[in-house]
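Novice: In the working numbering, the protein residues as written are 9 to 382.
Glycine included, each C-beta is placed from N, C-alpha and C at the ideal position.
Have a look at this one.
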Ligand SMILES: Cc1cc2nc3c(=O)[nH]c(=O)nc-3n(C[C@H](O)[C@H](O)[C@H](O)COP(=O)(O)OP(=O)(O)OC[C@H]3O[C@@H](n4cnc5c(N)ncnc54)[C@H](O)[C@@H]3O)c2cc1C
């Protein structure tokens, strides 16, 4: 009978492609051997895992074999429990747990934060806010030549109502200790933007961006990279006058606001946050995205909690759900419009992702929570 290799007694025997699963053999005998460890292989990417997402981020403390639940949340076992199932994802990957309704718990590649990621600085908050001011206008669908930044036509609500709504949402959820007193945004502040079809805009695009989808081009793994990063901002003047980077700016603003809420919300803030999914459902400029809000946000269960963290967690989870399904991330099963040299045929990559899409909660916290230095 082969000798059992106990990684509790010899923690390093598992090497880098295995992990040490511990369990307690509860003993009533003072001299009994209690804790035992066995080396198990990590699950392959795309294989199932039955751990929660938090298990992908065990604490690293010298002398502690990191195989216990690192964080408590509604859907995980108490802090300090040993991981029970032998299905743990590799260090590059993360288990989605039960956070994505359409996906059973699966090992997926984690999306790492690029070093030059966007941060919730005051100036950025106002820039993202300007994107909201131009949301939800009438989409002409067919090119309207000659239109400029001042030409937006209402769709449903008047433009003035949309502008007032944006200022109401922002002023109510704004954290003045971080960004100063909120100054109302005006639509006039967007009038000096370039239209995406103007020559002085297209001249700014790198050849790489031009060869892809021009002003629509996005690179989620490193959006601010030169040449291969996102196309610079502009307005779709000949369609609806919205910003080309409206979508990521909405997410950025929503995360920045919700990760910096007070621990306990006022009733007014709670009402604003509860209305936000419906606001997006009515006013997002992307019709495809609007049509999925019911499924991607409302269906997740809009929180009834007055805790700021619950709302940060809700929008983090919703964003990961959308990331899993977005046109930018998916390969094959959606038309990504990048031309045949970049878009593999669906039979080649059904179920495969173009980019890593799952942002772990601790990374989202790191990106969006402003640390106050005392
Ligand atoms: C409400 C809403 C619904 C949408 N629905 C759809 C849809 O149904 N189909 C579709 O194809 N597109 C949809 N989009 C667009 C899509 O989500 C992306 O915004 C778009 O594909 C651009 O992606 P991106 O990689 O440039 O940036 P984004 O993914 O938008 O990222 C913006 C910023 O958020 C950070 N981030 C990314 N994920 C998380 C997370 N989970 N938690 C916290 N921060 C995160 C990133 O680091 C980045 O700084 C929707 C957008 C919004 C705002």
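Considering just the uninterrupted stretch of the alpha helix (DSSP H) at residue 218, what are its terminal residues?
Specialist: Taking the chain shown and counting its residues from 1, one reaches residue 218 at position 210. 215 to 219 is the extent of the alpha helix (DSSP H) around residue 218.
Novice: What three-state label does DSSP hand residue 136 in the structure shown?
Specialist: Within the chain shown, residue 136 is the residue found at index 128, counting from 1. Note: residue 136 maps to helix in three-state DSSP.
Novice: Are the CB atoms of residue 248 and residue 238 within a distance shorter than 9 angstroms?
Specialist: In the chain shown, the residue the question calls residue 238 occupies position 230. In the chain shown, the residue the question calls residue 248 occupies position 240. No, Cβ-Cβ distance for residue 238 and residue 248 is not below 9 angstroms.
Novice: Any idea what DSSP makes of residue 257, helix, strand or coil?
Specialist: Looking up residue 257 in the chain shown gives position 249. In this structure, residue 257 counts as helix in the three-state DSSP scheme.
Novice: Please state if the CB of residue 329 and the CB of residue 109 are separated by a distance shorter than 9 angstroms.
Specialist: Residue mapping note: residue 109 aligns to position 101 of the chain shown, counting from 1. Residue mapping note: residue 329 aligns to position 321 of the chain shown, counting from 1. Yes; because the gap between Cβ atoms is below 9 angstroms, this pair is in contact.
Novice: Between residue 147 and residue 26, what straight-line distance do the alpha-carbon atoms span, to the nearest angstrom?
Specialist: In the chain shown, residue 147 corresponds to position 139, counting from 1. In the chain shown, residue 26 corresponds to position 18, counting from 1. If you take the alpha carbons of residue 147 and residue 26, they lie about 53 angstroms apart.
Novice: State whether the segment 315 to 322 contacts the segment 291 to 298, with contact taken as three or more CB pairs (one from each stretch) at a distance under 8 angstroms.
Specialist: Judged by Cβ distances under 8 angstroms, the segment 315 to 322 makes no contact with the segment 291 to 298, as fewer than three pairs qualify.
Novice: I think residue 118 touches residue 50, with their Cβ atoms under 8 angstroms apart; what is that distance to the nearest whole Å?
Specialist: The residue you call residue 118 lines up with position 110 of the chain shown. The residue you call residue 50 lines up with position 42 of the chain shown. With a Cβ gap of about 13 angstroms, residue 118 and residue 50 do not count as contacting.
Novice: Taking 8 angstroms as the line, does the beta carbon of residue 297 fall inside it for any heavy atom of ligand 1?
Specialist: Sequence index remark: in the chain shown, residue 297 carries index 289 (1-based). Because some heavy atom of ligand 1 lies under 8 angstroms away, the Cβ of residue 297 counts as near it: yes.
Novice: Classify residue 54: buried if its beta carbon has 16 or more other beta carbons within 10 angstroms, exposed otherwise.
Specialist: Reading the chain shown from its first residue, position 46 is the one you call residue 54. That one is exposed.
Novice: Going by DSSP, what residue range makes up the alpha helix (DSSP H) through residue 116?
Specialist: For the purposes of this step, residue 116 is identified with residue 108 of the chain shown, where counting begins at 1. Note, residue 116: premise wrong, no alpha helix (DSSP H); beta strand (DSSP E) at 115 to 117.
Novice: Would you call the segment 266 to 274 and the segment 196 to 206 touching, i.e. three or more CB-CB distances under 8 angstroms?
Specialist: No, because fewer than three Cβ pairs between the segment 266 to 274 and the segment 196 to 206 fall closer than 8 angstroms, the two stretches do not touch.
Novice: Quick check on DSSP: helix, strand or coil for residue 196?
Specialist: Numbered from its first residue, the chain shown carries residue 196 at position 188. In this structure, residue 196 counts as helix in the three-state DSSP scheme.
Novice: In this structure, does DSSP put residue 267 in helix, strand or coil?
Specialist: For the purposes of this step, residue 267 is taken as the residue at position 259 of the chain shown. Coil at residue 267, not helix or strand.
Novice: For residue 23, does the count of other Cβ atoms within 10 angstroms reach 16, so buried, or fall short, so exposed?
Specialist: Here residue 23 refers to the residue found at position 15 of the chain shown. That one is exposed.
Novice: Please say whether residue 114 and residue 181 have beta carbons closer to each other than 9 angstroms?
Specialist: For this step, residue 181 is matched to residue 173 along the chain shown. For this step, residue 114 is matched to residue 106 along the chain shown. Against a cut-off of 9 angstroms, the Cβ pair of residue 114 and residue 181 comes out as no contact.
Novice: Under 6 angstroms Cβ to Cβ from residue 18, same chain only, skipping five residues before and after it: list those, please.
Specialist: Position 10 of the chain shown, counting from 1, holds the residue named residue 18. Nothing listed; no residue qualifies.
Novice: Output the distance between the C-alpha atoms of residue 211 and residue 380, rounded to the nearest integer angstrom.
Specialist: Taking the first residue of the chain shown as position 1, residue 211 is located at position 203. Taking the first residue of the chain shown as position 1, residue 380 is located at position 372. Rounded to the nearest angstrom, the two C-alpha atoms are 40 angstroms apart.
Novice: Straight-line CA distance for residue 222 to residue 335?
Specialist: Against the chain shown, residue 222 aligns to sequence position 214. Against the chain shown, residue 335 aligns to sequence position 327. The straight-line gap from Cα to Cα measures roughly 16 angstroms.
Novice: Given residue 285, which residues of its chain have a CB within under 8 angstroms of its CB, disregarding the five upstream and five downstream residues?
Specialist: Along the chain shown, read from residue 1 onward, the residue named residue 285 stands at position 277. So the qualifying residues of the chain are 301, 305, 306, 310.
Novice: Are the segment 139 to 146 and the segment 160 to 175 touching by the rule of at least three beta carbon pairs closer than 8 angstroms?
Specialist: Segments in contact, yes.
Novice: So, helix, strand or coil for residue 107, using DSSP?
Specialist: By one-based count along the chain shown, residue 107 stands at place 99. If DSSP states are grouped into helix, strand and coil, residue 107 belongs with coil.
Novice: Which value, in whole angstroms, describes the spacing of the CA atoms of residue 213 and residue 235?
Specialist: For this step, residue 213 is matched to residue 205 along the chain shown. For this step, residue 235 is matched to residue 227 along the chain shown. Their Cα atoms are separated by approximately 8 angstroms.
Novice: Just mark residue 287 as buried or exposed, buried being the case when its beta carbon has 16 or more other beta carbons within 10 Å.
Specialist: By 1-based counting over the chain shown, the position of residue 287 is 279. Buried, by the Cβ-count rule.
Novice: Tell me whether residue 244 sits in a helix, a strand or coil according to DSSP, three-state version.
Specialist: Reading the chain shown from its first residue, position 236 is the one you call residue 244. It is coil, neither helix nor strand.
Novice: Cβ of residue 151 within 8 angstroms of any heavy atom in ligand 1?
Specialist: Within the chain shown, numbered from 1, the residue matching residue 151 stands at position 143. It does not: the Cβ of residue 151 is nowhere closer than 8 angstroms to a heavy atom of ligand 1.
Novice: Give a single yes or no on whether residue 250 has its beta carbon closer than 8 angstroms to a heavy atom of ligand 1.
Specialist: Indexing the chain shown from 1 puts residue 250 at position 242. Residue 250 Cβ: outside cutoff for every heavy atom of ligand 1.
Novice: Below 9 angstroms between beta carbons: does that hold for residue 90 and residue 37?
Specialist: On the chain shown, residue 90 is found 82 positions in, with the first residue counted as 1. On the chain shown, residue 37 is found 29 positions in, with the first residue counted as 1. No, these two residues do not count as a Cβ contact at 9 angstroms.
Novice: Are there 16 or more other CB atoms within 10 angstroms of the CB of residue 78, so buried, or fewer, so exposed?
Specialist: Here residue 78 corresponds to residue number 70 of the chain shown, with the count starting at 1. Note that residue 78 has pLDDT 49, beneath the 50 cutoff, so the model's placement of it is unreliable and the number below is only indicative. When all chains shown are included, residue 78 counts as buried.
Novice: For residue 108, is the beta carbon positioned less than 8 angstroms from some heavy atom of ligand 1?
Specialist: Sequence index remark: in the chain shown, residue 108 carries index 100 (1-based). Outside the cutoff, so no.
Novice: If contacts are defined as beta-carbon pairs under 8 angstroms, then residue 121 and residue 362 qualify, I think. What distance do you get, rounded to the angstrom?
Specialist: Stepping through the chain shown from its first residue, residue 121 is reached at position 113. Stepping through the chain shown from its first residue, residue 362 is reached at position 354. Residue 121 to residue 362, Cβ: 19 angstroms. No contact.
Novice: How about residue 136 and residue 257: do their beta carbons lie closer than 9 angstroms?
Specialist: Residue mapping note: residue 136 aligns to position 128 of the chain shown, counting from 1. Residue mapping note: residue 257 aligns to position 249 of the chain shown, counting from 1. Contact: yes.
Novice: For residue 312 and residue 184, I'd like the C-alpha separation in whole angstroms.
Specialist: If you number the chain shown from 1, residue 312 lands on position 304. If you number the chain shown from 1, residue 184 lands on position 176. Going from the Cα of residue 312 to the Cα of residue 184 covers about 25 angstroms.
Novice: Going by DSSP, what residues sit across from residue 45 in a beta bridge?
Specialist: Counting from one through the chain shown, the residue named residue 45 turns up at place 37. Per DSSP, 30.
Novice: For the alpha helix (DSSP H) that contains residue 175, what are its first and last residues?
Specialist: Locating residue 175 in the chain shown gives position 167, counting from the first residue. Run containing residue 175: 167 to 181, per the alpha helix (DSSP H) assignment.
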